[in-house]
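J.: Structure provided below as structure tokens; questions to follow.
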Amino acid sequence: MLASLQKRLHDTVRQGVFHPQFHFLAYALLGVLLLLPQLTGLVTVGLFTRIFVLAVFGMSYDLLRGYAGIINLGHALFFGGGTYIAGIVFANYGTSPSMLGLAVLGTTAYAMLAALLMGKIAFRGGNVVACAMITLALGEIVRQIAESWRAVTHGADGLTFPIPMMFRDRVALYYYALAFMVIMMLALRQFIMSPTGRVLLAIRENEQRAIFLGYNTASYKLVALQVAGVVCGWSGVMFALTSRFANTELLTVQQTLNALLVTIVGGTGTLYGAIVGTAFVQLAQHTLLGLRGVHPIFERWLLFFGAIYVFVVLFMPTGIVGLYQRFISHWLQPVKPR
Amino acid sequence: MSNPIIWTKDLTVSFGAHRVVDNVSIAIDQGVFTTIIGPNGAGKTSLFNLISGLIKPTSGQVFMRGTDITHLSPIERVKMGMGRSFQLTNLFPALTVHENVRLAVQARSDLGLDMWRPFHRFRAINDEVESLLGDVRLTEKRSFLAAHLTHSEQRKLELAMVLSLKPAVLLLDEPTAGMALEDVPAMLELLTTIKNDKQITTVLIEHKMDLVASLSDVVIVLASGAILTKGNPSEVADNALVRTAYLGGGKYGAASA
Numbered sequence: 001m002l003a004s005l006q007k008r009l010h011d012t013v014r015q016g017v018f019h020p021q022f023h024f025l026a027y028a029l030l031g032v033l034l035l036l037p038q039l040t041g042l043v044t045v046g047l048f049t050r051i052f053v054l055a056v057f058g059m060s061y062d063l064l065r066g067y068a069g070i071i072n073l074g075h076a077l078f079f080g081g082g083t084y085i086a087g088i089v090f091a092n093y094g095t096s097p098s099m100l101g102l103a104v105l106g107t108t109a110y111a112m113l114a115a116l117l118m119g120k121i122a123f124r125g126g127n128v129v130a131c132a133m134i135t136l137a138l139g140e141i142v143r144q145i146a147e148s149w150r151a152v153t154h155g156a157d158g159l160t161f162p163i164p165m166m167f168r169d170r171v172a173l174y175y176y177a178l179a180f181m182v183i184m185m186l187a188l189r190q191f192i193m194s195p196t197g198r199v200l201l202a203i204r205e206n207e208q209r210a211i212f213l214g215y216n217t218a219s220y221k222l223v224a225l226q227v228a229g230v231v232c233g234w235s236g237v238m239f240a241l242t243s244r245f246a247n248t249e250l251l252t253v254q255q256t257l258n259a260l261l262v263t264i265v266g267g268t269g270t271l272y273g274a275i276v277g278t279a280f281v282q283l284a285q286h287t288l289l290g291l292r293g294v295h296p297i298f299e300r301w302l303l304f305f306g307a308i309y310v311f312v313v314l315f316m317p318t319g320i321v322g323l324y325q326r327f328i329s330h331w332l333q334p335v336k337p338r
Numbered sequence: 339m340s341n342p343i344i345w346t347k348d349l350t351v352s353f354g355a356h357r358v359v360d361n362v363s364i365a366i367d368q369g370v371f372t373t374i375i376g377p378n379g380a381g382k383t384s385l386f387n388l389i390s391g392l393i394k395p396t397s398g399q400v401f402m403r404g405t406d407i408t409h410l411s412p413i414e415r416v417k418m419g420m421g422r423s424f425q426l427t428n429l430f431p432a433l434t435v436h437e438n439v440r441l442a443v444q445a446r447s448d449l450g451l452d453m454w455r456p457f458h459r460f461r462a463i464n465d466e467v468e469s470l471l472g473d474v475r476l477t478e479k480r481s482f483l484a485a486h487l488t489h490s491e492q493r494k495l496e497l498a499m500v501l502s503l504k505p506a507v508l509l510l511d512e513p514t515a516g517m518a519l520e521d522v523p524a525m526l527e528l529l530t531t532i533k534n535d536k537q538i539t540t541v542l543i544e545h546k547m548d549l550v551a552s553l554s555d556v557v558i559v560l561a562s563g564a565i566l567t568k569g570n571p572s573e574v575a576d577n578a579l580v581r582t583a584y585l586g587g588g589k590y591g592a593a594s595a
């Protein structure tokens, strides 16, 4: 019985189905997060708000990389695009709540169009590397546009903008961001569990077999990119509310690599791995920077962070979520299913 | 007299200077169990790749039910009723047995791009999956990952997936390749069931000659990319050319004796 539980755990995690045990953990964690603003100061609240928003960015990346097996190196164009669109709307048309609606609608339209163009170009050949290179180039084009179109984006100086009143309270924003993350996670999970989502898993596992079952894999990948792009764009809008500032750094490959990093650290193909990974990366960065007072070498926190990253890749290839699974399976004494 | 469902006209494919399939014109008749045999490198799998659309021919044409499908994509050919298995097992390794078959059944159903309802709510599909798993005797392994099955089980799983497409033409590339000897009878039984289903026209590539002899209505022998001979199993077995092609014929002669 234990063995079958362990095996089910393994199967369900690989296939993006949540196990009851994870439900319990998730509820416990959610409870703690709901109480967090009462227990800590504004610095921690701000840090976690950022984690929630960036976790959605990471989950949208995981949908592509972990489920559909697509390497998108231009994913930041959705994120930065959302932040810029929100910023431009707030800076030019005021900060009434309906302007947020306009920003969200604008971002949705932008992300769908961008994903359509990107997908039509990148999924032609079907080769993973070609796809990565094409998306890299498209991401750079958008970054270049944002840098050159100074009249609207203020170019390299960045764009500072006000935000609607309802989001100015840090604690309120914390709860909005938490709700945003939970809703996006449930929505993406629903998508992965749908017939279309299952085909994405099939494409990741073996695209040729999927084609020879009659699936038009290119159009399924396009749908995945559309969904991931829109969700990513929305996380960009939420990021605008936390930062009140947009610059071209949000559109760089580095920004995309941050998403890649959190999915690797947390565990790919799990959705919640991106949440765990984002939390880990942000908390590690925060902690290492906090050690500056102890020794000035921690000014170079990236040095330590790089070491942690190498450690994770070498010894935890399935990420933190994978490690948790292995711990559980050890504890339950698995019988190798054969 | 004949009613071909698939036929090829002067089909040729070259990789560099090497003509792998050389002017092959064959007709596969509806409901006739056809087996393609030939020594390694004869071009059997390349012929399958041409028919199923995995590779494009250098010259020549492929027809299905009177339509020229030479320039259609594999996806379009599957939609026309062509199913194929691969010589090297071709599954979704990290998905369960059930999910592998379910994806195949889903491919044939017209769900389109349904994005909201969870997959396990589609009862008709799930029932069909269960019945297919029963057909290939994999019901008990339904929640195993495909990667954790034995090789024989994986071959059976792949067959179940192709069958769930309800193909009019079934291209099976060595379904017993690498199978343990004791598992071959089960596969033979399965292939016999498929043969008796008159909706399906099967084309088989196979090396195990006892299997070929007991299943085939027609045997086509390929050597060096060209058709050597064609006939019923006993005619082919007696053909001197075939024996030479198999380097003295020991393998074929022994099996047919």
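Residue numbers (the working numbering), protein chains in the order written: chain Z, 1 to 338; chain U, 339 to 595.
Backbone N, C-alpha and C fix where the C-beta goes; we use that ideal spot for every residue, glycine too.
Keep in mind the model is a prediction, meaning the values are calculated, not measured.
1. Would you report the Cα separation of histidine 295 (chain Z) and leucine 42 (chain Z), rounded to the nearest angstrom?
2. Between the Cα of leucine 431 (chain U) and the Cα atoms of U:Thr372, U:Thr350, U:Leu487, U:Asp548, which residue gives the shortest distance?
3. So, helix, strand or coil for threonine 488 (chain U), using DSSP?
4. For a cutoff of 9 Å on Cβ pairs, would you count phenylalanine 430 (chain U) as touching chain Z?
5. Quick check on histidine 356 (chain U): does DSSP put it in helix, strand or coil?
6. Would valine 56 (chain Z) pass as a contact of cysteine 232 (chain Z) if the rule is Cβ separation under 9 Å?
7. Answer with yes or no whether the minimum CB distance from leucine 579 (chain U) to chain Z is below 9 Å.
8. Listed in chain order, which residues of the stretch 202-217 of chain Z have Cβ atoms closer than 9 Å to some Cβ of chain U?
9. Applying the 10 Å Cβ sphere with the 16-neighbour rule, what's the burial state of valine 435 (chain U)?
10. Apart from the five residues just before and just after leucine 392 (chain U), which ones in its own chain have a Cβ nearer than 7 Å to its Cβ?
11. Expressed to the nearest angstrom, what Euclidean distance is found between the alpha-carbon atoms of glutamine 144 (chain Z) and alanine 115 (chain Z)?
12. Kindly list, in the order they appear in chain A, the residues whose Cβ is closer than 9 Å to that of arginine 198 (chain Z).
13. So if DSSP puts lysine 347 (chain U) in a beta bridge, which residue, or which two residues, is it bridged to?
14. Verify whether the separation of the beta carbon atoms of valine 142 (chain Z) and leucine 257 (chain Z) is less than 9 Å.
15. Kindly indicate if chain Z contains any beta-carbon less than 9 Å away from that of glycine 379 (chain U).
16. Near aspartate 367 (chain U), what residues of its chain come up, given a Cβ to Cβ distance below 8 Å and the 5 sequence neighbours on each side ignored?
17. For tyrosine 84 (chain Z) and histidine 23 (chain Z), I'd like the C-alpha separation in whole angstroms.
18. Give, in chain order, every unbroken run of the alpha helix (DSSP H) that is at least 4 residues long and sits entirely within the stretch 494-555 of chain U.
19. Residue ranges of each alpha helix (DSSP H) run of no fewer than 4 residues wholly in the stretch 210-259 of chain Z, ordered along the chain?
20. Would you please verify whether the beta carbon of phenylalanine 424 (chain U) is less than 9 Å from any beta carbon of chain Z?
21. For lysine 568 (chain U), does the three-state DSSP call read helix, strand or coil?
22. Any beta carbon of chain Z sitting closer than 9 Å to that of alanine 593 (chain U)?
23. Taking the C-alpha atoms as reference points, what is the distance between valine 358 (chain U) and alanine 130 (chain Z)?
24. Compare the beta carbon distance of alanine 224 (chain Z) and alanine 68 (chain Z) with 9 Å and say whether it is the shorter of the two.
25. Tell me whether threonine 268 (chain Z) sits in a helix, a strand or coil according to DSSP, three-state version.
26. How is valine 557 (chain U) classed by DSSP in three states: helix, strand or coil?
27. Within 10 angstroms of its Cβ, does proline 395 (chain U) collect 16 or more other Cβ (buried), or is it exposed?
28. Using C-beta distances below 7 Å, list every residue in its chain close to lysine 382 (chain U), excluding the 5 sequence neighbours before and after it, in chain order.
29. On the three-state DSSP scale, how would you describe threonine 12 (chain Z)?
30. Thinking C-alpha only, which one of U:Arg480, U:Ile407, U:Leu388, U:Lys504 is nearest alanine 442 (chain U)?
31. Would you list, in chain order, the members of the stretch 497-517 of chain U that have their beta-carbon closer than 8 Å to a beta-carbon of chain Z?
32. Do you know how far the Cα of arginine 493 (chain U) is from the Cα of leucine 470 (chain U)?
33. Go ahead and label threonine 270 (chain Z) buried or exposed: buried means 16 or more other beta carbons lie within 10 angstroms of its beta carbon, across all protein chains shown.
34. Counting only C-beta atoms, is tyrosine 272 (chain Z) closer than 9 Å to chain U at any point?
35. Assuming contact is defined by CB atoms lying nearer than 9 Å, are alanine 564 (chain U) and aspartate 360 (chain U) in contact in what I supplied?
36. Helix, strand or coil for asparagine 361 (chain U)? Go by DSSP, reduced to three states.
T.: Reading off the structure:
1. Straight-line Cα distance between these residues: approximately 25 Å.
2. In the sequence as presented, leucine is not what sits at residue 431 (chain U); that position holds proline. For the residues U:Thr372, U:Thr350, U:Leu487, U:Asp548, the minimum Cα distance to proline 431 (chain U) belongs to U:Leu487.
3. In this structure, DSSP gives threonine 488 (chain U) a state outside helix and strand, which the three-state scheme calls coil.
4. yes
5. strand
6. Going by C-beta atoms, valine 56 (chain Z) is nearer than 9 Å to cysteine 232 (chain Z).
7. no
8. Ala202, Arg204, Glu205, Asn206, Gln208, Arg209, Ala210, Ile211, Phe212, Leu213, Gly214, Tyr215, Asn216, Thr217
9. buried
10. So the list reads Pro412, once near-sequence residues are dropped.
11. 18 Å
12. Checking the listed chains, one finds no chain A in this structure; the protein chains it contains are Z and U.
13. U:Gln399
14. no
15. no
16. Ser340, Asn341, Pro342, Ile343, Thr539, Val556
17. 36 Å
18. Segments of the alpha helix (DSSP H) lying fully in the stretch 494-555 of chain U: 522-534, 547-553.
19. 217-243
20. Under the 9 Å criterion on CB atoms, phenylalanine 424 (chain U) is classed as interfacial with respect to chain Z.
21. The three-state reading of DSSP puts lysine 568 (chain U) in strand, counting E and B together.
22. The predicted position of alanine 593 (chain U) is uncertain, since its pLDDT is 43 and thus under 50; no value can be drawn from it.
23. Roughly 29 Å between the two C-alpha positions.
24. yes
25. Note: threonine 268 (chain Z) maps to coil in three-state DSSP.
26. Valine 557 (chain U) carries a strand assignment under DSSP once its states are collapsed to helix, strand and coil.
27. buried
28. Residues of the same chain with a CB within less than 7 Å of the CB of lysine 382 (chain U), apart from the 5 flanking positions on each side, are Ile374, Gly376, Ile543, Leu560 in chain order.
29. For threonine 12 (chain Z), the predicted model reports a pLDDT of 48, less than 50, meaning its position is unreliable and no value from the coordinates is stated.
30. If we check each option's Cα against that of alanine 442 (chain U), U:Lys504 comes out closest.
31. Met499, Leu503
32. The straight-line gap from Cα to Cα measures roughly 14 Å.
33. buried
34. When Cβ-Cβ separations below 9 Å define contact, tyrosine 272 (chain Z) makes no contact with chain U.
35. yes
36. If DSSP states are grouped into helix, strand and coil, asparagine 361 (chain U) belongs with the strands.
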